[in-house]
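Student:
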Ligand code: HEM
């Protein structure tokens, strides 16, 4: 006994031996974890690169760098419709996966009452939705019961009656589209008195962004941000867009188990930014709260329940912020992406111009209702959504404890699963020539398209199921109105420096859009 004690004492007193033991321990843990992930983990049979199966680092690093969505698509092209992109993380591309992972779960024994303990839907992964535990939740992060309540409260703001009011004559949308067109014509005129016959080169990405945030400001906060007028982003919008990269990095850190570190970052270096955002939002929200009751906008539904549900100032701020970003940033992407795709494929622009310019002779006749009758315009929008989905990834769900079948595979409880719109929308399993911008594929019925190899159901850019996008109809209305009006008013040509615009960008997982330089020239009419 004393021999062993002596031996241990001698070992501990030898610094090299102590250092060596610590090193071995440090190496053993990740090594055994990697071996477990590769050979014993419940997901070990799913295909994917060994490094991604063994360790969460490769995915996390790519996510923080904004390259994970493009890379996941390449992995699907190599490994098929299901790929293991992290030790406990699967990505799917098949349409069935949308249904299986995002729909409400059917009632099952022990789950009849949909009580608090049950899993009525696969919940969103908190790694992706909540950076800290003390954050106020918006509809995006809210859990099942709170989510249902918030969704019901917000729904009237998205109903047809509200939509008609904004899109009709004198409505917010029309006013802003008129302003956009006037501004662009002004830019083309340049010198006073010129008719703008030569046109000019503009960064359309910015013009779309300014327009969409001005509309978003009106619909959520009751006033425009004045971006179009000033031709620059409002500081609040600028600030919010600047946080996307940091948010992606936070997700990566949490993915690696560093939630504690994120909390520390929030409470130290992040404090100044949080305080700035709080102050700016306070001013905007105070203005909205001072407006008359009973407004028809996206926020009123929530305000109606303010006292009943004891909604805090923070809670209202977070909700307004999420709706502004969700409704404006996404549409700025779609308008920019669709314009780029049309101009990169001039025959599609020509076909759309023919349809719009034949249907209308007067700009005032271009309404949401009238543009809904243009089949090629709708096909262009759907194909633009497919090829440049504004939310490329990160709609991650957690499999319930008992496990679940997804797209024909049994997945163990606790696994993270997702369908990444970028991958599903570029999969050759779902589309013929997936990298070709071909709006014609959307001109036929769903059955005919399927027979030809195009599965419409695979493109779910608004997500799927009870948590899908509330703003879908509004998004279509805005896309139709703005695209039709611009095509009616202007000829456009892509500048050389904007070719290959999409693939040069990063995703966080919203697009970090680059300037889209377009030569625009007003269409001369008698
Ligand atoms: C092309 C445009 C748009 C796209 C691609 C889009 C996409 C999405 C996606 C993918 C989600 C689900 C997010 C998640 O599960 O975490 C979502 C939710 C949501 N979107 Fe949109 N969106 C668009 C436009 C809009 C607009 C114009 C509004 C209006 C403000 C809006 C409001 C919302 C709201 C309130 C939710 C939360 C729904 C819920 O959780 O029940 N979106 N959107």
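Residue numbers (my numbering): 15 to 540.
Every residue, glycine too, gets a C-beta built ideally from N, C-alpha and C.
Assuming residue 104 contacts residue 405 (C-beta within less than 8 Å), just tell me the rounded distance between them.
Tutor: As a working note, residue 104 is residue 90 in the chain shown. As a working note, residue 405 is residue 391 in the chain shown. That pair is no contact at about 19 Å.
Student: On the DSSP letters alone, give me the boundaries of the alpha helix (DSSP H) that residue 77 sits inside.
Tutor: Within the chain shown, the letter at position 63 stands for residue 77. Segment 71-79, the alpha helix (DSSP H) holding residue 77.
Student: Along the chain, which unbroken stretches of the alpha helix (DSSP H) at least 4 residues long are found entirely within the region 299-382?
Tutor: DSSP runs (the alpha helix (DSSP H)) wholly in the region 299-382: 314-317, 327-358, 360-373.
Student: Is residue 445 helix, strand or coil when you go by DSSP?
Tutor: As a position in the chain shown, residue 445 is number 431, starting the count at 1. Note: residue 445 maps to coil in three-state DSSP.
Student: Note the first and the last residue of the continuous beta strand (DSSP E) segment covering residue 214.
Tutor: Locating residue 214 in the chain shown gives position 200, where the first residue counts as 1. That run of the beta strand (DSSP E) goes 214-217.
Student: Any idea what DSSP makes of residue 529, helix, strand or coil?
Tutor: Counted from its first residue, the chain shown places residue 529 at position 515. Three-state DSSP puts residue 529 in coil, outside helix and strand.
Student: Could you tell me which uninterrupted alpha helix (DSSP H) segments, each at least 4 residues in length, are contained entirely in the region 388-412, listed from first to last along the chain?
Tutor: With a minimum length of 4 residues, the continuous alpha helix (DSSP H) runs that stay inside the region 388-412 are 389-401.
Student: I'd like to confirm something about residue 476: is its beta-carbon nearer than 6 Å to some heavy atom of ligand 1, or not?
Tutor: Within the chain shown, numbered from 1, the residue matching residue 476 stands at position 462. It does: the Cβ of residue 476 is within 6 Å (strictly closer) of some heavy atom of ligand 1.
Student: Counting only the same chain and skipping the five closest in sequence on each side, list residues whose C-beta sits under 7 Å from that of residue 179.
Tutor: Looking up residue 179 in the chain shown gives position 165. Result list for residue 179: 185, 310, in chain order.
Student: So is the beta-carbon of residue 341 under 6 Å away from any non-hydrogen atom of ligand 1?
Tutor: In the chain shown, residue 341 corresponds to position 327, counting from 1. Indeed, a heavy atom of ligand 1 lies less than 6 Å from the Cβ.
Student: Determine contact between the region 256-269 and the region 68-84, defined as no fewer than three beta-carbon pairs at a distance below 8 Å.
Tutor: Short answer: they touch.
Student: Where residue 327 and residue 71 are concerned, what is the direct C-alpha to C-alpha distance, given to the nearest angstrom?
Tutor: For the purposes of this step, residue 327 is taken as residue 313 along the chain shown, with counting starting at 1. For the purposes of this step, residue 71 is taken as residue 57 along the chain shown, with counting starting at 1. In a straight line, the C-alpha of residue 327 is about 38 Å away from that of residue 71.
Student: Would you mind reading off the limits of the alpha helix (DSSP H) that contains residue 251?
Tutor: Numbered from its first residue, the chain shown carries residue 251 at position 237. Note, residue 251: alpha helix (DSSP H), 249-256.
Student: Tell whether a beta-carbon distance below 7 Å holds between residue 434 and residue 86.
Tutor: Working through the chain shown from its first residue, we reach residue 434 at position 420. Working through the chain shown from its first residue, we reach residue 86 at position 72. Yes, they are a contact pair.
Student: I need the boundaries of the beta strand (DSSP E) containing residue 433, first residue and last residue.
Tutor: Walking along the chain shown from the start, residue 433 turns up at place 419. It spans 430-433 - the beta strand (DSSP E) in which residue 433 sits, taken as one unbroken run.
Student: List the whole-angstrom C-beta distance separating residue 290 from residue 253, where the pair is believed to meet the contact cut-off of C-beta under 8 Å.
Tutor: What you label residue 290 is simply residue 276 of the chain shown in a count that begins at 1. What you label residue 253 is simply residue 239 of the chain shown in a count that begins at 1. Contact holds; Cβ gap of about 7 Å.
Student: Under 6 Å from any heavy atom of ligand 1, does the C-beta of residue 344 make it?
Tutor: As a first step, residue 344 is located in the chain shown; it is residue number 330 there, counting from the start. Checking the Cβ of residue 344 against ligand 1 gives yes.
Student: Just to confirm, does residue 61 get its C-beta within under 6 Å of one of the non-hydrogen atoms of ligand 1?
Tutor: Counted from its first residue, the chain shown places residue 61 at position 47. No - ligand 1 has no heavy atom lying nearer than 6 Å to the Cβ of residue 61.
Student: Does the region 98-113 touch the region 358-374, meaning 3 or more C-beta pairs lie closer than 8 Å?
Tutor: Verdict: no, contact absent.
Student: Is residue 175 near ligand 1, judged by its Cβ being under 6 Å from some heavy atom?
Tutor: On the chain shown, position 161 is the one that residue 175 refers to. No, the beta carbon of residue 175 sits no closer than 6 Å to any heavy atom of ligand 1.
Student: Between the Cα of residue 502 and those of 516, 63, 60, 537, spot the shortest distance and give me the residue it belongs to.
Tutor: Position 488 of the chain shown, counted from the first residue, corresponds to residue 502. The residue with the shortest Cα to Cα distance from residue 502 is 537.
Student: Can you give the beta carbon distance from residue 156 to residue 168, rounded, assuming they're within the 8 Å contact cut?
Tutor: Residue mapping note: residue 156 aligns to position 142 of the chain shown, counting from 1. Residue mapping note: residue 168 aligns to position 154 of the chain shown, counting from 1. Actually they are not in contact, since the Cβ atoms of residue 156 and residue 168 sit about 11 Å apart, beyond 8 Å.
Student: Indicate the three-state DSSP secondary structure (helix, strand or coil) for residue 521 in the structure shown.
Tutor: The residue labelled residue 521 in the question sits at position 507 within the chain shown. It is a strand residue.
Student: Based on Cα-Cα distance, which residue from 473, 314, 437, 500 lies nearest to residue 84?
Tutor: As a first step, residue 84 must be located in the chain shown, where it is residue number 70. When only C-alpha atoms are compared, the closest one is 437.
Student: Can the beta-carbon of residue 355 be found less than 7 Å from the beta-carbon of residue 451?
Tutor: The residue you call residue 355 lines up with position 341 of the chain shown. The residue you call residue 451 lines up with position 437 of the chain shown. Cβ distance < 7 Å, so residue 355 and residue 451 count as in contact.
Student: At the level of alpha carbons, what is the spacing between residue 499 and residue 317?
Tutor: Working through the chain shown from its first residue, we reach residue 499 at position 485. Working through the chain shown from its first residue, we reach residue 317 at position 303. Near 34 Å, if we compare the C-alpha coordinates of residue 317 and residue 499.
Student: Taking only heavy atoms of ligand 1 into account, decide whether any of them is closer than 6 Å to the Cβ of residue 200.
Tutor: Position 186 of the chain shown, counted from the first residue, corresponds to residue 200. Flag unset: Cβ of residue 200 not near ligand 1.
Student: Can you tell which of 535, 540, 357 has its C-alpha closest to the C-alpha of residue 198?
Tutor: Looking up residue 198 in the chain shown gives position 184. Closest option to residue 198, Cα to Cα, is 535.
Student: So, residue 444 versus residue 472, is the Cβ gap smaller than 7 Å?
Tutor: Here residue 444 refers to the residue found at position 430 of the chain shown. Here residue 472 refers to the residue found at position 458 of the chain shown. Cβ distance < 7 Å, so residue 444 and residue 472 count as in contact.
Student: Distance check for residue 352 and residue 394, CA to CA, integer angstroms please.
Tutor: As a working note, residue 394 is residue 380 in the chain shown. As a working note, residue 352 is residue 338 in the chain shown. When rounded, the distance between both Cα atoms is 8 Å.
Student: Within the same chain, show all residues whose beta-carbon is closer than 6 Å to that of residue 227, passing over the 5 residues directly before and after it, in chain order.
Tutor: Sequence index remark: in the chain shown, residue 227 carries index 213 (1-based). Excluding positions up to five away in sequence, the list reads 239, 241, 251, 342.
Student: Beta carbon of residue 405: closer than 6 Å to some heavy atom of ligand 1?
Tutor: Stepping through the chain shown from its first residue, residue 405 is reached at position 391. Under cutoff, so the answer is yes.
Student: Does ligand 1 have even one heavy atom less than 6 Å from the beta-carbon of residue 153?
Tutor: Locating residue 153 in the chain shown gives position 139, where the first residue counts as 1. Checking every heavy atom of ligand 1 against the Cβ of residue 153, one is found closer than 6 Å.
Student: If I measure Cβ to Cβ from residue 160 and keep anything under 8 Å in the same chain, skipping five residues before and after, which residues do I get?
Tutor: To locate residue 160, count along the chain shown from 1; it is residue 146. Excluding positions up to five away in sequence, the list reads 151.
Student: Closest by CA to residue 92, which one among 489, 62, 475?
Tutor: Working through the chain shown from its first residue, we reach residue 92 at position 78. Answer by Cα proximity: 62.
Student: State the Cα-Cα distance for the pair residue 469 and residue 449, rounded to the nearest angstrom.
Tutor: For the purposes of this step, residue 469 is taken as the residue at position 455 of the chain shown. For the purposes of this step, residue 449 is taken as the residue at position 435 of the chain shown. Cα-Cα distance, rounded: 15 Å.
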